[in-house]
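Asker:
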Amino acid sequence: MLKVEGLSVSYGQRRVLHNVSLEVNSGEVTALIGPNGAGKSTLVRAVSGVIPLDSGKISSDDLSRHYDLRSLPPMQRARHLAVVPQAVSLPPAFTVWETVLMGRTPYLNFLGQTSARDEQIVHLALQKVDALDLSERRVGELSGGEGQRVLLARALAQSTPILLLDEPTSNLDLHYQVSFMELVRGLARNDKLAVLIALHDLNLAARYADRVALLVAGEIKATGTPRQVLTPELISDAYHLTVQVVPHPFMDTPLVLPGK
Amino acid sequence: MRRIPYLWTLLLLALAILLSIAIGSVFISPADLWRILTGWLSATSLSESLQTFAFIITSIRLPRTVLVLLTGAALGGSGAAYQGLFRNPLADPYLIGVASGAGLGAAVAMSIQWPYTFWGLLAVPLAGFLAAMLAILLVYFLARLGKTVPTTNLILAGVAFSAFATSLTSFLMLRSTGELRRAFAFLLGGFTQTGWNPVLTILPFLAIGLGFLVLSGHALNLLQFGDDQAQQLGLPVTRAKTLILVAASLATAAAVSFSGVIGFIGLIVPHVMRLWFGADYRRLLPLSIIGGAGALLLADVLARVVMAPQELPVGIVTALAGAPFFLWVLRRAKNQGYW
Chain A
172 MLKVEGLSVS YGQRRVLHNV SLEVNSGEVT ALIGPNGAGK STLVRAVSGV IPLDSGKISS
232 DDLSRHYDLR SLPPMQRARH LAVVPQAVSL PPAFTVWETV LMGRTPYLNF LGQTSARDEQ
292 IVHLALQKVD ALDLSERRVG ELSGGEGQRV LLARALAQST PILLLDEPTS NLDLHYQVSF
352 MELVRGLARN DKLAVLIALH DLNLAARYAD RVALLVAGEI KATGTPRQVL TPELISDAYH
412 LTVQVVPHPF MDTPLVLPGK
Chain B
167 MRRIPYLWTL LLLALAILLS IAIGSVFISP ADLWRILTGW LSATSLSESL QTFAFIITSI
227 RLPRTVLVLL TGAALGGSGA AYQGLFRNPL ADPYLIGVAS GAGLGAAVAM SIQWPYTFWG
287 LLAVPLAGFL AAMLAILLVY FLARLGKTVP TTNLILAGVA FSAFATSLTS FLMLRSTGEL
347 RRAFAFLLGG FTQTGWNPVL TILPFLAIGL GFLVLSGHAL NLLQFGDDQA QQLGLPVTRA
407 KTLILVAASL ATAAAVSFSG VIGFIGLIVP HVMRLWFGAD YRRLLPLSII GGAGALLLAD
467 VLARVVMAPQ ELPVGIVTAL AGAPFFLWVL RRAKNQGYW
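Protein chains in written order, with the numbering used here: chain A, 172 to 431; chain B, 167 to 505.
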């Protein structure tokens with residue numbers, strides 16, 4: 172599981188994350204929601220180690236061992252935690268296979284030589300996201316949904332117990348949003364991954380997340396099950412918009428509707 | 167199949183070497199070349215006319231050919247590295263001002279009237295390297311906009327800095343006497359220095375610089391996805407970028423120190439290699455190094471024959487071919503949304 176404690180981050184003088192604490196259990200999907208500019212992407216970047224922290228602890232725990240991710244060098248850290256960024260402006264030159272193979276970086280020597288085992292893992296990762304038939308295509312030519320699946324496969328090839336996703340569904344149409352979230356939830360369940368996914372769409376969070384964390388102005392306002400967090404009071408307050416929450420007509424999840 | 171690109175570029179290089187040794191004020195036919203070679207190998211004495219040819223080869227053609235070869239290799243390799251590092255198809259040691267910076271450094275070192283020995287000459291690429299590092303840092307910070315380095319900014323800052331450095335270099339040359347006057351063709355890029363000393367002097371710089379670049383193909387591949395993703399995939403980004411920058415600048419400085427500022431090889435060669443053989447930097451870097459050597463040798467041969475017996479500075483030839491190519495790439499880059 173992923174454990175974030177007391178995380179604070181500033182851009183220059185401006186504090187963008189303040190004392191954020193969060194736990195993401197293995198086998199579960201935790202959705203990170205909040206209005207634009209609340210710091211969702213910053214949190215993903217901070218946890219992945221690409222921006223400096225003011226303070227805080229980031230650790231990965233499995234049954235027997237505890238790893239302090241913050242103190243690990245990038246290569247070690249990349250064996251614990253993989254990130255799926257938004258599939259925008261991918262370099263035109265690489266094929267899908269080459270791109271996913273780059274997920275094996277943390278296990279390669281300094282020359283980047285890959286072994287048959289690496290190829291096997293890449294094959295499996297592409298299979299899991301149902302993108303094996305894209306192998307020879309160039310990533311620059313993929314559609315949004317295809318690109319997003321390929322980046323997910325690349326993260327899976329890193330063979331990490333923790334997966335972070337930064338608003339992967341925001342450029343996808345309805346069909347791809349649903350199938351992508353199904354895929355992510357399946358991976359969390361079957362491979363026992365701890366998944367933290369930043370989401371714009373509250374109803375996707377309601378439907379696919381096991382737990383929801385609400386981030387507002389750099390602070391965690393609430394965490395809990397979708398039903399506990401997606402309440403009219405919390406959401407109206409966070410988004411400065413009156414919302415109603417009704418039961419989903421044919422699913423056992425809350426449904427957030429803007430307006431009176 | 168993966169060996170084929172190397173086969174082609176090595177064939178091109180071999181052809182270029184052959185032409186560079188054979189062609190000049192005196193033409194040495196391949197048959198004569200073969201006779202001289204077998205004569206050397208079997209240690210038999212050569213006929214008188216062949217001895218003259220052999221002398222021309224060992225004392226003039228061969229040192230020059232090797233110097234041109236190394237220079238081209240350095241320009242091709244560093245060009246590919248800069249393009250990968252800045253994720254910018256128009257980065258070239260010449261266009262981003264590194265070459266002119268290194269040229270200025272080398273000119274300063276030369277104006278201190280160095281003794282024409284190995285150690286005296288070593289100061290030239292060293293000064294060139296330091297100036298190249300300063301130049302690249304300056305241009306990079308001038309061009310940087312937040313976290314990105316837009317192509318136009320990079321080229322503008324590079325060209326402006328280039329003009330500044332070049333005029334300082336010209337100034338140094340004009341106010342100097344004797345030794346430096348000889349290096350006038352330096353400005354346009356030309357191989358006026360002869361003998362083996364320049365070759366030996368730049369060899370350590372090149373070996374370290376290009377050697378490291380060849381090993382950094384995987385890192386450059388990762389960097390194509392941006393700094394964040396590269397680091398999330400496990401690359402220590404800051405360290406990798408610094409090392410690549412230093413290595414590319416070492417190679418550029420070595421290239422510029424005795425051959426002057428030669429433009430466009432570092433732009434054209436990696437581009438052509440990418441078009442032909444794909445953008446995997448693990449392959450692109452060695453191919454650009456081999457291709458750069460071949461391309462500059464051919465340009466140098468052309469520079470020798472176009473106005474024979476006079477010699478054109480090779481920089482003129484590369485610019486004549488390179489500037490239109492640059493404009494074409496600029497257009498293509500624009501269409502692909504680089505800026």
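By construction, the Cβ of each residue, glycine as well, lies at the ideal position given by its N, Cα and C atoms.
It should be emphasised that the depicted structure is a prediction, and the values quoted were computed from it without experimental measurement.
Hey, could you find the ends of the alpha helix (DSSP H) Ala455(A) is sitting in?
Answerer: This structure cannot settle anything about residue 455(A), because the visible part of chain A is limited to 172 through 431.
Asker: Roughly how many whole angstroms lie between the Cα atoms of Ser195(B) and Val290(B)?
Answerer: 36 Å
Asker: Kindly indicate the opening and closing residues of the beta strand (DSSP E) around His189(A).
Answerer: Arg185 to Val195
Asker: Is it right to say Ile292(A) is buried, meaning 16 or more other beta carbons lie within 10 angstroms of its own, or is it exposed?
Answerer: When all chains shown are included, Ile292(A) counts as buried.
Asker: Does chain A have any CB closer than 9 Å to the CB of Pro402(B)?
Answerer: Closer than 9 Å to some Cβ of chain A, the Cβ of Pro402(B) qualifies, so yes.
Asker: Determine the chain A residues that contact Asn319(B) at a beta-carbon separation under 9 Å, and present them in chain order.
Answerer: The contacting residues do not exist; Asn319(B) stays about 18 Å from chain A at best.
Asker: If you measure from the beta carbon of Leu327(A) to each beta carbon in chain B, is any gap under 9 Å?
Answerer: no
Asker: By Cβ distance below 8 Å, which residues in the same chain neighbour Tyr347(A) in space, the five residues on each side in sequence not counted?
Answerer: Gly315, Gly316, Gln319 and Thr340.
Asker: Just checking, does the stretch 294–303 of chain A make contact with the stretch 215–222 of chain A on the three C-beta pairs under 8 Å criterion?
Answerer: no
Asker: What separation, rounded to the nearest whole angstrom, lies between the Cα atoms of Leu354(B) and Ala246(B)?
Answerer: The pLDDT assigned to Leu354(B) is 49, lower than 50, so where the model puts this residue is not dependable; a value taken from the coordinates is nonetheless given after this. Each residue's Cα considered, the two are about 22 Å apart.
Asker: Roughly how many whole angstroms lie between the Cα atoms of Ile202(B) and Ser244(B)?
Answerer: 36 Å
Asker: Name, please, each residue of chain B whose Cβ falls closer than 8 Å to the Cβ of Arg216(A).
Answerer: Asp394
Asker: Does DSSP classify Tyr278(A) as helix, strand or coil?
Answerer: helix
Asker: Does any heavy atom of the ligand FAD sit closer than 8 Å to the C-beta of Ile482(B)?
Answerer: What this structure holds is no ligand at all, so the ligand FAD is not there to describe.
Asker: Within 10 Å of its beta-carbon, does Ile170(B) have 16 or more other beta-carbons around it, so buried, or fewer, so exposed?
Answerer: exposed
Asker: One question on the structure: do Leu367(A) and Ile333(A) come within less than 9 Å of each other, judged by their Cβ atoms?
Answerer: yes
Asker: Of all the residues that make up the stretch 439–456 of chain B, which are near chain A by a beta-carbon distance shorter than 8 Å?
Answerer: Answer in chain order: Arg440, Gly444, Ala445, Asp446 and Arg448.
Asker: Taking DSSP as the reference, what is the three-state secondary structure of Asp239(A)?
Answerer: strand
Asker: According to DSSP, simplified to helix, strand and coil, what is Ile515(B)?
Answerer: Outside the shown range of chain B, which is 167 to 505, sits residue 515(B), and nothing can be said about it.
Asker: Does chain A have any CB closer than 9 Å to the CB of Gly243(B)?
Answerer: Not an interface residue.
Asker: Measure the beta-carbon distance from Ser267(A) to Val310(A) and round it to whole angstroms, keeping in mind my assumption that it falls under 8 Å.
Answerer: In the sequence on display, residue 267(A) carries Val and not Ser. That pair is a contact at about 6 Å.
Asker: Give a yes or no on whether the minimum CB-CB distance between Thr402(A) and chain B is below 9 Å.
Answerer: no
Asker: Note down, in chain order, each residue of its chain lying with its Cβ closer than 7 Å to the Cβ of Leu188(A), except the 5 sequence neighbours on either side.
Answerer: Leu178, Ser179, Val180, Gly210, Thr213, Leu214, Ala217 and Gly389
Asker: Just by C-beta distance, which residues in the stretch 245–256 of chain A are closer than 9 Å to chain B?
Answerer: Pro245, Met246, Gln247, Arg248, Ala249, Arg250, Leu252, Ala253, Val254 and Pro256
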